[in-house]
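Novice:
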Amino acid sequence: MKRLTKVQVRSLGDLSRYPGGVVMSSYWITGSGRHTRARTIPPYASRIEKFYADNYPARIRDFFRRHPRVRAVVAITNMRAANKILKGVAL
Numbered sequence: 002m003k004r005l006t007k008v009q010v011r012s013l014g015d016l017s018r019y020p021g022g023v024v025m026s027s028y029w030i031t032g033s034g035r036h037t038r039a040r041t042i043p044p045y046a047s048r049i050e051k052f053y054a055d056n057y058p059a060r061i062r063d064f065f066r067r068h069p070r071v072r073a074v075v076a077i078t079n080m081r082a083a084n085k086i087l088k089g090v091a092l
């Protein structure tokens with residue numbers, strides 16, 4: 002795999018600070034008011050719709066159970082690789 006850029010590593014670090022590496026997709030935005038857009042999803046993470054949650058780890062399924070109205074989340078799907086990248090980086 003290619004080396005990650007500083008922006009990708011910082012974005013992955015931001016996502017890892019949320020409990021379990023899972024955040025509502027409505028929180029993964031940039032801008033304010035009318036001028037909002039979705040942030041780029043970092044490597045080792047993906048946007049997961051509620052009806053696909055059964056295919057993912059328990060930490061993601063539990064998030065949907067605790068927040069029943071959420072339709073999609075942004076979550077770290079390969080936690081082992083993400084932790085390996087973040088281990089040597091001071092954020």
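So my numbering is basically just the index in the sequence shown, starting at one, shifted up by 1. C-beta atoms are modelled at their ideal positions from N, C-alpha and C, and glycine is treated no differently.
So, at 8 Å on beta carbons, what are the nonlocal neighbours of G22 in its own chain, with the 5 sequence-adjacent residues on each side left out?
Specialist: Translated into the one-based positions of the sequence shown, residue 22 becomes position 21. Hits under 8 Å: L16, A46, R60, A76, I77, M80 and A83.
Novice: Would a C-beta distance cut-off of 8 Å place V90 and G14 closer than the cut-off?
Specialist: Locating residue 90 in the sequence shown gives position 89, counting from the first residue. Locating residue 14 in the sequence shown gives position 13, counting from the first residue. It is a contact, given that the beta carbons lie within the stated cut-off.
Novice: Straight-line CA distance for Y57 to K51?
Specialist: By one-based count along the sequence shown, residue 57 stands at place 56. By one-based count along the sequence shown, residue 51 stands at place 50. Their backbone Cα atoms lie some 11 Å apart in a straight line.
Novice: Alpha carbons only, please: which of P44, R35 and H36 is nearest the one belonging to Q9?
Specialist: Translated into the one-based positions of the sequence shown, residue 9 becomes position 8. If we check each option's Cα against that of Q9, P44 comes out closest.
Novice: Within 10 angstroms of its Cβ, does I30 collect 16 or more other Cβ (buried), or is it exposed?
Specialist: One-based indexing of the sequence shown puts residue 30 at position 29. It is exposed - the Cβ of I30 has fewer than 16 other Cβ atoms within 10 Å.
Novice: Distance check for F64 and Y53, CA to CA, integer angstroms please.
Specialist: As a first step, residue 53 is located in the sequence shown; it is residue number 52 there, counting from the start. As a first step, residue 64 is located in the sequence shown; it is residue number 63 there, counting from the start. Going by the C-alpha atoms only, they are around 13 Å apart.
Novice: With V8 as the anchor, note down where its beta strand (DSSP E) starts and where it stops.
Specialist: Taking the sequence shown and counting its residues from 1, one reaches residue 8 at position 7. No beta strand (DSSP E) holds V8; the alpha helix (DSSP H) holding it covers K7 to S17.
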